[in-house]
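Visitor:
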Amino acid sequence: MSQENIDTAMKFYEVYNEHKLDLLDEILASSYVGHVNAHDITGAEASKGFIGAFITGIPDAKYTVEEVLTVDNKVITRWFVTGTQTGNFFGTEPTNNSVHAKGITIFEIVDGKINQLWNNWDQFTLVQQLQGKG
Numbered sequence: 007m008s009q010e011n012i013d014t015a016m017k018f019y020e021v022y023n024e025h026k027l028d029l030l031d032e033i034l035a036s037s038y039v040g041h042v043n044a045h046d047i048t049g050a051e052a053s054k055g056f057i058g059a060f061i062t063g064i065p066d067a068k069y070t071v072e073e074v075l076t077v078d079n080k081v082i083t084r085w086f087v088t089g090t091q092t093g094n095f096f097g098t099e100p101t102n103n104s105v106h107a108k109g110i111t112i113f114e115i116v117d118g119k120i121n122q123l124w125n126n127w128d129q130f131t132l133v134q135q136l137q138g139k140g
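The sequence shown maps to residues 7 to 140 in the numbering used here.
1) Among all the DSSP beta bridges, which residues are the ones paired with G109?
2) Quick check on V121: does DSSP put it in helix, strand or coil?
3) Count the other CB atoms within 10 Å of the CB of L136; is the residue buried (16 or more) or exposed (fewer)?
4) Give the DSSP-derived three-state secondary structure of I64 in the structure shown.
5) Taking T14 as part of the alpha helix (DSSP H), name the residues at either end of that continuous run.
6) Between the Cα of H25 and those of Y38, G55 and I120, spot the shortest distance and give me the residue it belongs to.
7) Count Cβ pairs between the region 64 to 84 and the region 47 to 54 that sit closer than 8 Å; are there 3 or more?
8) Are L123 and G40 closer than 7 Å when you measure CB to CB?
In structure tokens:
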């Protein structure tokens, strides 16, 4: 069961890396809530909007998972993302600055789907990089 849960969690990164927004319909539970820093994102459609906006701003974003741990029905990943902000990023006009941010995500997998996730990442460093200060 742990490997199946890991495989499900890794598909979440495929959504970003390969721009496969429709994959969210397959991997997210109908009751899905993503707790992303200070925001809750509920359901596949809201997730498509959030991730779509991220990809619009940083279309070459590449998530690399550095470590994976499992506990019961949870998959914990430590990751970093790199890319270049060539599009509008949540209201920030393109800067063409390179970005590199680190984060940790905890996925709760229920019946083979992501029911919830808790995602904390270094927004401060990302903002500094977008402003050319990082």
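We treat Cβ as the ideally placed atom computed from N, Cα and C, and that holds for glycine.
Guide: So, from the data block:
1) W85 and W127
2) It is worth fixing the name first, because residue 121 is Asn in this sequence and not Val. DSSP places N121 in strand when its eight states are reduced to three.
3) buried
4) coil
5) S8 to N23
6) G55
7) no
8) yes
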